[in-house]
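Okay, structure first, notes after.
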Amino acid sequence: MGEVIVITSGKGGVGKTTTTANIGTGLAALGNKVVLIDTDIGLRNLDVVMGLENRIVYDLVDVTQGHCRLKQALIKDKRFDGLFLLPAAQTKDKTAVSIEDMKKLCSELQEEFDYVLVDCPAGIEQGFKNAIAGAERAIIVTTPEVSAVRDADRIVGLLEANGLRGPQLIINRIRPDMVKRGDMMNIEDMLDILAIELLGVVPEDEYIVVSTNKGEPAVLDMDSRAGQAYRNISKRVTGEQVSLIDLEYEEGLVKKLKRLLGLKG
Amino acid sequence: MIDFLRSVLGREAPGSKNMAKERLRLVLVHDRASVSPHLLENLKEDLIRVISNYMEIDQNALEVQLNREDDSVALVANIPIIKMKRTYQDVKI
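Chains B and D, in that order, are what the protein sequence lines are. In case it helps, the numbering used here puts the first sequence at residues 0 to 264. In case it helps, the numbering used here puts the second sequence at residues 268 to 360.
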């Protein structure tokens with residue numbers, strides 16, 4: 000019996016879909032059977048991030064309305080046999096899916112898959128309620144910005160009110176150089192404020208744009224720093240202990256100088 | 268130039284992250300109170316119970332709210348008193 004995990008954030012644009020694609024692909028690369036559900040009806044994107052947009056025949060709404068069987072709507076990934084995508088509907092109404100539909104769908108999928116990852120839409124409306132309905136575990140994605148952390152805090156409260164306790168946090172797009180000069184909140188600052196468990200930290204990485212351009216998740220690129228972070232996060236999702244990646248990869252002139260002068264770096 | 272010297276000498280320059288943290292702290296006091304509307308209701312009931320030991324108050328007109336100033340959040344309670352109790356009993360043992 001698999002695990003249903005919702006990936007959510009409240010605020011849009013913090014990297015929910017990128018995170019879902021990368022953790023899903025990362026889990027599949029570790030040999031798990033994984034299905035990704037895009038619940039952002041009307042604004043589907045997980046298909047393009049995964050590079051599977053040309054293979055869509057049926058979608059989530061076709062399944063819940065009985066236009067096709069669940070198996071027919073699952074799109075097999077290009078790279079891994081054990082990885083599937085259930086795309087969101089692009090043209091249908093947001094109200095086409097109900098909380099009961101999602102509960103039923105998730106419980107059916109978890110019979111067959113090790114991990115069911117639900118990509119949640121931004122906001123806290125119906126789409127959010129649907130996305131968390133069948134989940135038993137939650138990952139909250141945030142970025143080191145006041146607006147994103149504020150929304151993440153609200154999501155923690157809403158998840159708790161819906162019986163989803165112990166969410167885990169991914170801090171996305173952190174910039175070590177800015178953290179160092181005190182212009183960006185650091186990991187401790189955010190954990191201090193949100194008071195939830197840390198699942199991982201993903202550094203800002205230009206390669207994410209390149210990987211989305213190509214439709215190939217960064218987790219598969221051995222040279223991408225964000226990819227490395229997602230590989231570690233995927234392992235942590237399975238319960239493995241992996242230490243955080245070293246964010247201070249660039250030894251700047253200042254640090255070198257300080258070291259020469261014998262000051263603490 | 269001073270900033271450069273500071274950074275070379277390893278002294279922490281006053282970056283904007285502390286401002287971010289402080290603003291977040293304040294805004295979350297409010298957000299969290301509104302996420303759990305029971306909080307202020309429970310507080311109200313507790314206040315009524317305690318204050319009633321000392322004075323008779325207009326329970327229906329009692330107002331409790333969080334007020335936000337520039338750099339602080341205050342709990343503001345407006346409690347109309349109907350009358351003082353004549354015999355203020357020393358706190359029950």
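Idealized CB from N, CA, C, for every residue including glycine. Bear in mind that the values here come from a model prediction, so they are computed numbers and not experimental data.
{"Item": "Contacts that residue 281(D) makes with chain B (C-beta to C-beta distance below 8 Å)", "Value": "181"}
{"Item": "Cutoff 8 Å: residue 300(D) Cβ touching any chain B Cβ", "Value": "no"}
{"Item": "Contact set between residue 340(D) and chain B, taken where Cβ atoms lie within less than 7 Å", "Value": "Chain B residues near residue 340(D): none, gap ~14 Å exceeds 7 Å."}
{"Item": "Three or more C-beta pairs below 8 Å linking the region 154-169 of chain B and the region 189-204 of chain B", "Value": "yes"}
{"Item": "Cβ contact check for the region 123-134 of chain B and the region 279-296 of chain D: 3 or more pairs under 8 Å", "Value": "no"}
{"Item": "Members of the region 314-338 of chain D that neighbour chain B once the beta carbon cut-off is set at 9 Å", "Value": "none"}
{"Item": "Cutoff 6 Å; reference residue 343(D); Cβ partners in own chain excluding five residues on either side", "Value": "332 and 334"}
{"Item": "Same chain, Cβ closer than 6 Å to residue 23(B), five either side skipped, listed in chain order", "Value": "33, 35 and 116"}
{"Item": "Bounding residues of the alpha helix (DSSP H) (the contiguous stretch that carries residue 19(B))", "Value": "15-28"}
{"Item": "Strand pairing of residue 114(B), partner residues [DSSP]", "Value": "2(B) and 33(B)"}
{"Item": "Residues of its chain near residue 211(B), where Cβ-Cβ distance is below 6 Å and the 5 sequence neighbours each way are ignored", "Value": "48"}
{"Item": "Interface flag, residue 47(B) vs chain D, CB-CB below 8 Å", "Value": "no"}
{"Item": "Chain D contacts from the region 172-196 of chain B (Cβ-Cβ distance under 7 Å)", "Value": "180, 181, 182, 183, 184, 188 and 192"}
{"Item": "Alpha helix (DSSP H) segment containing residue 151(B), residue limits", "Value": "145-160"}
{"Item": "Own chain, CB closer than 7 Å to residue 58(B), minus 5 neighbours either side, in chain order", "Value": "72, 86, 87 and 88"}
{"Item": "Simplified DSSP state of residue 215(B), which is helix, strand or coil", "Value": "coil"}
{"Item": "3 or more residues per run - each beta strand (DSSP E) lying fully within the region 94-138 of chain B", "Value": "114-118"}
{"Item": "Residue 250(B) versus residue 179(B) - alpha carbon distance", "Value": "Its pLDDT being 48, under 50, residue 250(B) is placed unreliably by the model, and the measurement read from it follows with that caveat. Rounded to the nearest angstrom, the two C-alpha atoms are 12 Å apart."}
{"Item": "Extent of the continuous alpha helix (DSSP H) run through residue 70(B)", "Value": "69-72"}
{"Item": "For residue 25(B) and residue 218(B), the rounded distance between their alpha carbons", "Value": "6 Å"}
{"Item": "Buried versus exposed, by CB contacts within 10 Å (16 or more), residue 243(B)", "Value": "exposed"}
{"Item": "Through-space distance from residue 317(D) to residue 225(B), alpha-carbon basis", "Value": "55 Å"}
{"Item": "8 Å Cβ shell around residue 324(D) - same chain, five flanking residues per side excluded", "Value": "315, 318, 346, 347, 348 and 349"}
{"Item": "Any C-beta of chain B under 8 Å from that of residue 353(D)", "Value": "no"}
{"Item": "Selected residue, minimal CA-CA separation from residue 101(B), among 3(B), 183(B), 215(B) and 213(B)", "Value": "3(B)"}
{"Item": "Own chain partners of residue 108(B) with C-beta closer than 7 Å, once the 5 adjacent residues on each side are dropped", "Value": "34 and 115"}
{"Item": "Of the listed residues 13(B), 18(B) and 1(B), nearest to residue 323(B) (C-alpha basis)", "Value": "Because chain B is modelled from 0 through 264, residue 323(B) falls outside the range shown and cannot be assessed."}
{"Item": "Under 7 Å from the C-beta of residue 291(D): neighbouring residues of chain B", "Value": "145, 148, 149 and 192"}
{"Item": "Residue 15(B), buried or exposed, once every other Cβ within 10 Å from all chains shown has been counted against 16", "Value": "buried"}
{"Item": "For residue 39(B) and residue 91(B), the rounded distance between their alpha carbons", "Value": "11 Å"}
{"Item": "Cβ pair residue 184(B), residue 287(D) closer than 8 Å", "Value": "yes"}
{"Item": "Continuous alpha helix (DSSP H) assignments of at least 4 residues falling wholly in the region 281-320 of chain D", "Value": "284-302 and 305-318"}
{"Item": "Exposure of residue 230(B), with buried meaning 16 or more beta-carbon neighbours within 10 Å", "Value": "buried"}
{"Item": "Nearest candidate by alpha-carbon position, reference residue 77(B), set 52(B), 156(B) and 67(B)", "Value": "52(B)"}
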